[in-house]
Amino acid sequence: MCLNIPWNPSDAWQYLRDIANGSHDCPETPASAPRARTAYLQLSNTTPADTVDVDEAYTGLMKYKLIQNGTLDAETVLCLVQLYASRFHSYFPVVPKGNFDPHTLNEFASAEKYLFTAVLTISSKSLDNMQHIHESCSEYMRELLSEISFGADCDIDAVEALLLLAQWEPPGLLARVGYIGNGEEDRAAWMHVGLALRAAQFLGLERAFVPGESAEPSKRGSRQRLTWIGCYMSDRLLSTRLGRSFSPSSPGSTVASVYHEFSVLQPTNPEEDAQGKTFQAHLELIQMHSNFHMFRNSDICTTDHATMDQDHLKSVEELLVAMSNWHRIWGILACEEVMITFWTPRFAADYKTGPIHLKATLQMAYEYLRFDVNALAVKSEMRRAKSSDLYVGCHDDQDIPINNSNGTRDFPFMHDAIDAAKMYLNILANCVDPEEHLKFMPLRYYL
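Residue numbers (our numbering): 14 to 460.
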């Protein structure tokens with residue numbers, strides 16, 4: 014077994030891609046065209062929720078640029094908003110729920126053009142048989158992104174738009190359109206999250222967490238806090254995945270709040286209740302993953318590997334205890350015959366009606382962290398073993414012989430890492446419907 018183990022998932026992905034290409038040093042090559050996907054929504058056969066005269070009922074919507082210039086029609090825009098609300102929103106619910114109400118679309122389109130266009134751009138990417146719609150939305154979105162980056166006057170909806178784009182990175186916005194999985198998404202997401210953090214800081218969103226600092230009404234203040242938490246989650250998730258340092262302007266411990274504090278997450282039905290709880294559970298997992306990322310990278314350049322590895326193992330054990338506590342609180346997903354049952358105290362009342370795809374993403378996030386933590390423990394144990402008398406005489410470029418691995422100290426970590434990887438792939442392959450759920454999930458779940 015070779016010790017040349019990548020330090021982060023992004024490097025691991027690059028390493029595997031190089032192996033598949035037959036060389037560790039081969040130049041980056043374009044990926045094959047994205048898999049053909051059947052559009053979830055046939056816009057030609059879909060009508061808005063309210064059967065009304067669109068031109069009369071949506072006068073504000075008719076002033077939206079893509080409708081004014083004839084690129085899109087109002088019915089198409091309405092259907093795209095409905096598609097986003099039903100298929101994308103639950104994975105990262107930072108868009109105020111009221112914005113999806115057909116009666117408020119006039120204000121949504123006119124007052125929050127950045128967020129509105131981001132919703133259309135993300136939603137339209139799932140319509141493979143109507144790529145011209147996605148291209149039109151992407152072109153306008155690029156124009157709006159340029160405005161933000163050059164200092165245009167913008168509000169909280171611009172921050173939310175950037176966070177949404179970083180979650181899904183629509184192919185129409187990428188520099189090399191159509192090449193998925195070559196790192197384009199990571200680079201674009203890194204820039205979008207960085208810009209979102211700067212814009213949020215300029216707007217003073219962090220002050221919404223300081224008692225007495227925010228004079229905003231309750232609903233507005235709740236939206237500010239949720240968006241600031243979205244900045245935290247996005248920065249930590251992306252930095253951990255890419256093995257980069259957290260942004261210096263990233264939110265800190267101020268985000269440790271429960272979902273009950275956010276009016277935009279308050280449920281009106283059991284599915285929305287599960288959505289808010291899942292958001293809180295994801296936040297707690299991200300905080301643990303952030304702590305893991307910090308101690309993993311803090312000593313990455315040290316020459317005292319023995320001390321570093323011992324510290325890593327101690328931190329891993331503490332983190333595994335924290336993960337066990339999280340697991341007791343939020344429960345476990347059991348995947349049986351493509352059906353998922355979430356049996357846990359906090360979900361006991363709505364486990365039968367809670368959305369399967371949300372529960373799957375929560376379990377996938379947990380298994381991803383479990384794999385990452387145990388993989389580091391394996392790496393530290395193997396490096397410690399290599400420096401021991403058992404491997405004296407082995408060269409750095411030689412593989413470590415693994416004999417009777419059941420008796421080695423790294424075996425439990427190795428077993429758990431493999432088990433976590435298998436669980437993740439099992440959920441992805443057997444518990445998530447490709448057409449109904451997977452194609453609408455944020456990119457991090459399958460890239």
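Built from N, CA and C at the ideal position, the CB exists for glycine as well.
Using a Cβ-Cβ cutoff of less than 7 Å, which residues in the same chain neighbour Leu128 once the five nearest sequence positions on both sides are dropped? Val108, Asp170, Glu173 and Ala174
What did DSSP end up calling Ser258 once you bin it into helix, strand or coil? coil
In angstroms with no decimal places, state the Cα-to-Cα distance between Gly164 and Gly243. 22 Å
Looking at the unbroken alpha helix (DSSP H) that takes in Cys92, where does it start and where does it end? Ala87 to Arg100
Helix or strand or just coil, what does DSSP make of Gly111? helix
In the structure shown, what three-state DSSP assignment does Asn439 receive? helix
Would the segment 142 to 150 count as touching the segment 94 to 112 if we require 3 or more Cβ pairs under 8 Å? no
Measure the C-alpha to C-alpha separation of Asp141 and Tyr97 and round it to an integer number of angstroms. 15 Å
Supposed contact pair Lys78 and Ser123 - C-beta distance, whole angstroms, cut 8 Å: 11 Å between Cβ atoms; not a contact.
Under 7 Å: does the beta carbon of Leu91 sit that close to some heavy atom of the ligand NAD? Because no ligand of any kind appears in the structure shown, any question about the ligand NAD cannot be addressed here.
Nearest candidate by alpha-carbon position, reference Arg383, set Glu394, Tyr437 and Lys392: Tyr437
Determine the extent of the alpha helix (DSSP H) in which Thr130 is found, giving its start and end residues. Lys126 to Ser137
Measuring straight from C-alpha to C-alpha, what distance separates Ala179 and Val206? 6 Å
Limits of the alpha helix (DSSP H) - the one that Cys150 falls within: Gln144 to Ser162
In the DSSP assignment, find the unbroken alpha helix (DSSP H) run with Asp446 in it and report its ends. Where Asp446 is concerned, there is no enclosing alpha helix (DSSP H), given that its DSSP letter is neither H nor E.
My understanding is that Tyr458 touches Met377, with C-beta atoms under 8 Å, so please give their C-beta distance in whole angstroms. 6 Å
Identity of the residue in Ala213, Ala188, Arg200 and Ile135 nearest Asp166 by Cα: Ala213
Length of the line joining the Cα atoms of Glu448 and Ser137: 15 Å
Residue range of the alpha helix (DSSP H) that includes Lys78: Lys78 to Gln81
Alpha carbon to alpha carbon, how far is Asn304 from Tyr381? Give it in angstroms, no decimals. 15 Å
Excluding the 5 residues preceding and the 5 following Leu133 in the sequence, name in chain order all residues of the same chain whose CB lies nearer than 6 Å to its CB. Leu93 and Cys150
Using the three-state DSSP reduction, which class does Phe424 fall into: helix, strand or coil? helix
Distance, Cα to Cα, Trp203 vs Leu118? 30 Å
With a cut-off of 8 Å on the beta carbons, I'd call Leu208 and Trp241 a contact; round off their distance for me. That pair is no contact at about 15 Å.
Would Arg341 be called buried (16 or more neighbouring beta carbons within 10 Å of its own) or exposed? exposed
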